[in-house]
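*Asks:* In this note's numbering, the protein residues as written are 60 to 171.
Quick reminder that beta carbons are idealized off the backbone N, C-alpha and C, glycines included.
Quick caveat: nothing in here was measured; it's all calculated off a predicted structure.
(1) Give the straight-line distance between the Cα atoms of residue 100 and residue 78, rounded to the nearest whole angstrom.
(2) For residue 70, collect the residues of the same chain with a Cβ closer than 8 Å to its Cβ; drop the 5 residues on either side in sequence, then sort them by chain order.
(3) For the stretch 111-128 against the stretch 150-162, are there 3 or more C-beta pairs whose distance is under 8 Å?
(4) Under 8 Å between the Cβ atoms of residue 127 and residue 72?
(5) Taking the alpha carbon of residue 133 as the reference point, which residue from 156, 90, 112 has its own alpha carbon closest?
(6) Distance, Cα to Cα, residue 150 vs residue 156?
(7) Rounded to the nearest angstrom, how far is the Cβ of residue 123 from that of residue 129, given a contact under 8 Å?
(8) With DSSP as the reference, please indicate the residues paired to residue 75 in a beta bridge.
(9) Looking only at its chain, what residues have a beta carbon closer than 7 Å to the beta carbon of residue 170, apart from the 5 residues adjacent to it on each side?
(10) If you check the beta carbons only, do residue 153 and residue 114 fall under 8 Å apart?
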């Protein structure tokens with residue numbers, strides 16, 4: 060498949076949230092959903108990394124959608140700013156989202 064110079068302004072990626080479970084043995088639970096992020100240009104990504112903003116602040120801007128995220132009742136949650144803000148209150152979710160975003164943002168996670 061040829062490389063296309065003009066890219067879609069967003070990309071999707073699998074997010075794996077690993078957090079302590081409720082089992083007596085203290086085992087970890089892994090939950091997955093697909094996140095949609097803004098696709099940043101190189102200069103935007105560099106400025107973002109140098110800005111010193113907290114991860115959840117950046118994620119509030121670059122997280123623009125998702126699929127497969129469910130509420131406590133098991134119903135699929137639509138992407139809204141209210142649900143996004145609720146998700147960004149969960150430390151394990153922030154770590155998973157940030158890792159997924161950096162891994163998929165060209166070069167941003169690969170500092171030498």
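*Replies:* So, from the data block:
(1) To locate residue 100, count along the chain shown from 1; it is residue 41. To locate residue 78, count along the chain shown from 1; it is residue 19. Cα to Cα, residue 100 sits roughly 32 Å from residue 78.
(2) Counted from its first residue, the chain shown places residue 70 at position 11. The answer, listed in chain order, is 95, 96, 98, 163.
(3) yes
(4) Here residue 127 refers to the residue found at position 68 of the chain shown. Here residue 72 refers to the residue found at position 13 of the chain shown. No, Cβ-Cβ distance for residue 127 and residue 72 is not below 8 Å.
(5) Numbered from its first residue, the chain shown carries residue 133 at position 74. Closest option to residue 133, Cα to Cα, is 90.
(6) By 1-based counting over the chain shown, the position of residue 150 is 91. By 1-based counting over the chain shown, the position of residue 156 is 97. Whole-angstrom Cα-Cα distance: 10 Å.
(7) As a working note, residue 123 is residue 64 in the chain shown. As a working note, residue 129 is residue 70 in the chain shown. Contact doesn't hold; Cβ gap of about 19 Å is too wide.
(8) Walking along the chain shown from the start, residue 75 turns up at place 16. In DSSP, residue 75 forms a bridge with 91.
(9) The residue given as residue 170 occupies position 111 in the chain shown. Interpretation of residue 170 is limited by its pLDDT of 47, a score under 50 that renders its predicted location unreliable; the figure taken from the coordinates is listed afterwards. Counting only Cβ-Cβ distances below 7 Å, and skipping sequence neighbours, we find nothing.
(10) As a working note, residue 153 is residue 94 in the chain shown. As a working note, residue 114 is residue 55 in the chain shown. Yes, the Cβ-Cβ distance between residue 153 and residue 114 is below 8 Å.
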